[in-house]
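Trainee:
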Amino acid sequence: HLVHVAIPASRGVRVEWGNLLTTLPYPSGLQPFFSGNWGIYAQNPDTTEQIFNTNNGAGTAILTFIGGFHPQTQAMWLTDIAHHHLAIGVIFVFAGHMYRTNFGIGHSLKTILEAHREPENRLGAGHIGLFETITDSLHMQLGLALACLGVATSLVAQHMYALPAYAFIAKDFVTQAALYTHHQYIAGFLMLGAFAHGAIFFIRDYDPEVNEDNVLARMLEHKEAIISHLSWVSLFLGFHTLGLYIHNDTVVAFGQPEKQILVEPLFAQWIQGASGKVLYGFNTLLSSADSPATVASNKVWLPGWTEAINNDKNSLFLTIGPGDFLIHHAIALALHTTTLILVKGALDARGSKLMPDKRDFGYSFPCDGPGRGGTCD
């Protein structure tokens with residue numbers, strides 16, 4: 004679709020059902036494909052002066068590796084996106100033939116899983132027993148599937164604004180914020196489901212004999228250490244973040260904004276500076292125009308990168324300050340507290356030091372039965 008419809012449209016050519024079979028996506032058609040000269044498809048890309056939806060400054064390439072954003076749309080190049088999808092499709096076709104199904108051809112996932120042994124044997128039985136544990140428990144499978152989708156959805160939220168794929172979407176901040184929030188919400192619900200079914204797995208399906216001394220059993224053995232670490236991290240973030248916010252709010256309310264405690268996100272700014280952003284004045288270290296590092300790195304960076312990264316009209320490297328530092332720690336607080344509740348609920352679902360026989364309580368036990376995910380103690 005990108006090659007036959009979207010890329011021509013971005014160059015002012017409208018492809019519909021009527022002319023789909025008669026419009027060549029590339030001047031020399033499939034000849035480079037069959038002759039093995041695939042690089043030809045990357046020749047003559049759109050110029051940085053191209054005006055979207057017109058032939059002005061447009062090229063003919065259909066599969067490129069330009070990098071960066073189209074200067075006008077502030078979105079990734081459509082030809083780059085087409086190349087990416089083709090490449091990933093080829094990899095997936097290969098990967099689909101790598102693993103064994105009902106037939107004896109290909110790798111066995113059980114063999115791969117159990118071959119991963121920690122060299123110094125500090126993980127005991129390692130992954131032995133995990134394959135049976137997963138195949139014998141639908142709750143475990145559902146939990147893993149939900150966890151994978153949750154992580155993937157959260158990454159979608161991040162990448163939809165960091166690497167905009169749709170033309171001009173980066174210019175609409177409300178849309179960007181709404182899409183980000185929407186996908187993080189969905190990620191949150193999916194992760195909640197993952198831990199809920201993980202807890203039910205521990206109550207109904209976990210077999211201590213199958214998992215003897217493997218990584219799952221090891222995790223249960225030192226669950227108190229995991230839970231108490233999550234606890235102190237959450238408390239630390241809670242007190243410090245809320246403390247800074249209350250302090251700053253109070254001094255501003257009393258008309259003394261200069262007394263705010265503002266912490267610059269130094270390391271994040273330093274990374275941005277190392278990537279060519281000059282605003283933060285890390286020039287002595289990194290980005291003065293004539294330092295040997297800058298002169299050498301300009302040969303490394305893609306054309307147009309330094310202009311784009313120092314331009315406030317895109318979301319490449321947003322300018323960050325103390326507000327970002329605070330809100331990132333506030334989000335870290337939310338994530339760690341949520342993780343604490345979910346991990347404790349799952350790991351203590353069968354029983355804890357306070358209530359060792361919890362799994363025998365009955366589902367509706369008022370506070371701490373399995374129905375509550377075992378969180379109340």
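When you read off a place in the sequence shown, starting at 1, and then add 3, the result is the number in my numbering. Ideal placement from N, C-alpha and C gives every residue a C-beta, glycine not left out. Since we're looking at a predicted model, the values are computed, not measured.
1. In three-state DSSP terms, what is residue 222?
2. Please classify residue 129: does DSSP put it in a helix, a strand, or coil?
3. If you follow the alpha helix (DSSP H) that residue 97 is part of, which residue opens it and which one closes it?
4. Classify residue 48: buried if its beta carbon has 16 or more other beta carbons within 10 angstroms, exposed otherwise.
5. Indicate whether the contact test is met: 3 or more Cβ pairs, each with one atom in the stretch 140 to 149 and one in the stretch 222 to 230, closer than 8 Å.
6. Going by other Cβ atoms of all chains shown within 10 Å of its Cβ, with 16 needed for buried, is residue 104 buried or exposed?
7. Note down, in chain order, each residue of its chain lying with its Cβ closer than 6 Å to the Cβ of residue 189, except the 5 sequence neighbours on either side.
8. Are the CB atoms of residue 130 and residue 218 nearer to each other than 8 Å?
9. Quick check on this structure: which residue in 13, 275, 37, 279 has the alpha carbon closest to the alpha carbon of residue 3?
10. Which same chain residues, not among the five before or five after residue 19, have their C-beta less than 7 Å away from its C-beta?
11. Cutting at 8 Å between CB atoms, please list the residues of its own chain near residue 222, excluding the five before and the five after it.
12. State the Cα-Cα distance for the pair residue 361 and residue 344, rounded to the nearest angstrom.
13. What is the DSSP secondary structure of residue 217, reduced to helix, strand or coil?
14. Which one of 28, 21, 242 has the shortest CA to CA distance from residue 11?
15. Can you give the Cα-Cα distance for residue 295 and residue 255, rounded to whole angstroms?
16. Buried or exposed: which applies to residue 34, given that a residue is buried once 16 or more other Cβ atoms fall within 10 Å of its Cβ?
17. Within the same chain, show all residues whose beta-carbon is closer than 6 Å to that of residue 335, passing over the 5 residues directly before and after it, in chain order.
18. In whole angstroms, what is the alpha-carbon distance linking residue 198 and residue 272?
19. Using the beta-carbon count (16 or more within 10 Å), is residue 249 buried or exposed?
20. Based on Cα-Cα distance, which residue from 339, 318, 80, 279 lies nearest to residue 302?
21. Residue 237 to residue 355, Cα distance in whole Å?
22. Which runs of the alpha helix (DSSP H), 4 residues or longer, sit entirely within the stretch 282 to 370?
23. Which residues in the same chain as residue 83 place their Cβ atom closer than 8 Å to its Cβ, once the five residues preceding and following it in sequence are excluded?
24. With three or more C-beta pairs closer than 8 Å as the rule, is the stretch 301 to 317 touching the stretch 198 to 214?
25. Leaving out the 5 sequence neighbours to the left and right, which residues in its chain are closer than 8 Å to residue 243 when beta-carbon positions are compared?
26. Can you find a heavy atom of the ligand ZN that lies under 7 Å from the Cβ of residue 171?
Mentor: Quick answer:
1. helix
2. strand
3. 81 to 99
4. buried
5. no
6. exposed
7. 156
8. yes
9. No information on residue 3 is available, as it lies outside the stretch 4 to 380 that the chain covers here.
10. none
11. 229, 350
12. 17 Å
13. In this structure, residue 217 counts as strand in the three-state DSSP scheme.
14. 28
15. 44 Å
16. Counting Cβ neighbours within 10 Å, residue 34 comes out exposed, since fewer than 16 surround it.
17. 240
18. 35 Å
19. exposed
20. 279
21. 21 Å
22. Whole alpha helix (DSSP H) segments, 4+ residues: 295 to 303, 308 to 312, 325 to 350.
23. 67, 68, 69, 70
24. Contact between the stretch 198 to 214 and the stretch 301 to 317 is absent, because fewer than three Cβ pairs lie under 8 Å.
25. 332
26. The ligand ZN is absent from the structure shown, which contains no ligand whatsoever.
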